[in-house]
Each structure stands twice: as structure tokens, then as C-alpha cells.
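The sequence shown lines up with residues 1 to 126 when you count with the numbering used here.
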Amino acid sequence: MEENRVRPNVVVYNTLIDGYCKKENLDKAKWLLGEMEKMGVRPDIVTYNALIDGYCKKGNIEKTKWLFEEMDKREVRPDITTYNVLIDGCCKKGNLEEATWLFEEMDKSGVRSDVVVYNTLIDGYC
Numbered sequence: 001m002e003e004n005r006v007r008p009n010v011v012v013y014n015t016l017i018d019g020y021c022k023k024e025n026l027d028k029a030k031w032l033l034g035e036m037e038k039m040g041v042r043p044d045i046v047t048y049n050a051l052i053d054g055y056c057k058k059g060n061i062e063k064t065k066w067l068f069e070e071m072d073k074r075e076v077r078p079d080i081t082t083y084n085v086l087i088d089g090c091c092k093k094g095n096l097e098e099a100t101w102l103f104e105e106m107d108k109s110g111v112r113s114d115v116v117v118y119n120t121l122i123d124g125y126c
């Protein structure tokens, strides 16, 4: 693309990052996040959700916390997908306290919970 003087936009980066995350190539996905920022393309909620989902599936909750904090610093508001993925990741790791905290944070931030969140929490507590 660069050879043809076409600059990738957020959609192109998100597609690549999501693909790398699905293939469990998180190092490449994280590298692309850095490249994206170097090129002046601002990561959006889709970018962060793809990365958070990738790290949750690998069980790397610490990295998801870092990404969640980065979102806050960059004023990217978490959405229902962000919370669903994070709560699911915490439940799968047996960290119900963190999952409950996230649920409460979701409510405080004005993000309405859905049936997926409730089912995830119920499953986690069972």
C-alpha cells in the first residue's frame, strides 16, 4: 500500500489487528498498534476490543488491564463488547472479584448490561 502511496486507515489497521489476534499472533497485533500510532492513525474501540479479546483468549489478563488503562488515557470509552470480553476473561481465570468490579464499573460508566454479560457472570459463579 505504501508503495502506491496509499496510507492505511483505521479500518485497515483494525482488520489486520483482528486477524492477527484471531491467529493468536499477538506480538504482531501489538506491533501494528504501535505502527498505527506512528502513522498518526488513532486507535478506536474496535482496535482495543480486538486486542483485548486476543489477550483474554490467551489468558493474559494483565495485558488486558494495561489496554483498558490505555483506552482511558486516550479517551476511548469502553463499550458493551469491551466489558463482555473482559468479564468473560476474568471469569474463565476464576477471578470473580475482578469480573464483579468490571460489572460495577460498566454500570457506573453508563454502559447498559445485556443478556450476554449476565449469562457470563452466572456461568462464572456456577
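Yeah, the Cβ is synthetic: ideal placement off N, Cα and C, and Gly gets one too.
Note that the coordinates shown come from a computational prediction; the quantities given were computed from them, not determined experimentally.
Just to confirm before moving on: does the CB-CB distance between residue 91 and residue 120 stay below 8 Å? Numbered from its first residue, the sequence shown carries residue 91 at position 91. Numbered from its first residue, the sequence shown carries residue 120 at position 120. Yes.
Can you tell me the Cα-Cα spacing of residue 13 and residue 113, whole angstroms? In the sequence shown, residue 13 corresponds to position 13, counting from 1. In the sequence shown, residue 113 corresponds to position 113, counting from 1. Each residue's Cα considered, the two are about 28 Å apart.
Measuring straight from C-alpha to C-alpha, what distance separates residue 108 and residue 98? Indexing the sequence shown from 1 puts residue 108 at position 108. Indexing the sequence shown from 1 puts residue 98 at position 98. About 15 Å.
Buried or exposed: residue 39, going by 16 or more other Cβ atoms within 10 Å of its Cβ? In the sequence shown, the residue the question calls residue 39 occupies position 39. It is exposed - the Cβ of residue 39 has fewer than 16 other Cβ atoms within 10 Å.
Return the residue from the list 20, 5, 104 that minimises the CA-CA distance to residue 53. Walking along the sequence shown from the start, residue 53 turns up at place 53. Nearest option by C-alpha distance: 20.
Look up residue 49 in the DSSP assignment and say whether it is helix, strand or coil. Counted from its first residue, the sequence shown places residue 49 at position 49. In the structure shown, residue 49 sits in a helix (DSSP, three-state: H, G or I).
Same chain only: Cβ atoms within 8 Å of residue 24, ignoring 5 sequence neighbours per side: For the purposes of this step, residue 24 is taken as the residue at position 24 of the sequence shown. Closer than 8 Å at the Cβ level, and outside the excluded window around residue 24, lie 54, 57, 58.
Can you have a look at residue 9 and say buried or exposed, based on whether 16 or more other CB atoms are within 10 angstroms of its CB? Locating residue 9 in the sequence shown gives position 9, counting from the first residue. So residue 9 counts as exposed.
Straight-line gap, residue 62 to residue 89 (C-alpha atoms, nearest Å): For the purposes of this step, residue 62 is identified with residue 62 of the sequence shown, where counting begins at 1. For the purposes of this step, residue 89 is identified with residue 89 of the sequence shown, where counting begins at 1. If you take the alpha carbons of residue 62 and residue 89, they lie about 11 Å apart.
Where in the segment 50-94 do unbroken runs of the alpha helix (DSSP H), each at least 4 residues long, occur, reported from the N-terminal end onward? 61-73, 80-92
Could you say which of 100, 125, 85, 5 lies nearest to residue 116 if we only look at CA atoms? The residue labelled residue 116 in the question sits at position 116 within the sequence shown. Answer by Cα proximity: 85.
Considering only the alpha carbon of each residue, which of 66, 17, 96 lies closest to residue 123? In the sequence shown, the residue the question calls residue 123 occupies position 123. With distances taken between Cα atoms, residue 123 lies closest to 96.
Do residue 102 and residue 87 have their C-beta atoms closer together than 8 Å? Position 102 of the sequence shown, counted from the start, is the residue given in the question as residue 102. Position 87 of the sequence shown, counted from the start, is the residue given in the question as residue 87. Closer than 8 Å, so yes.
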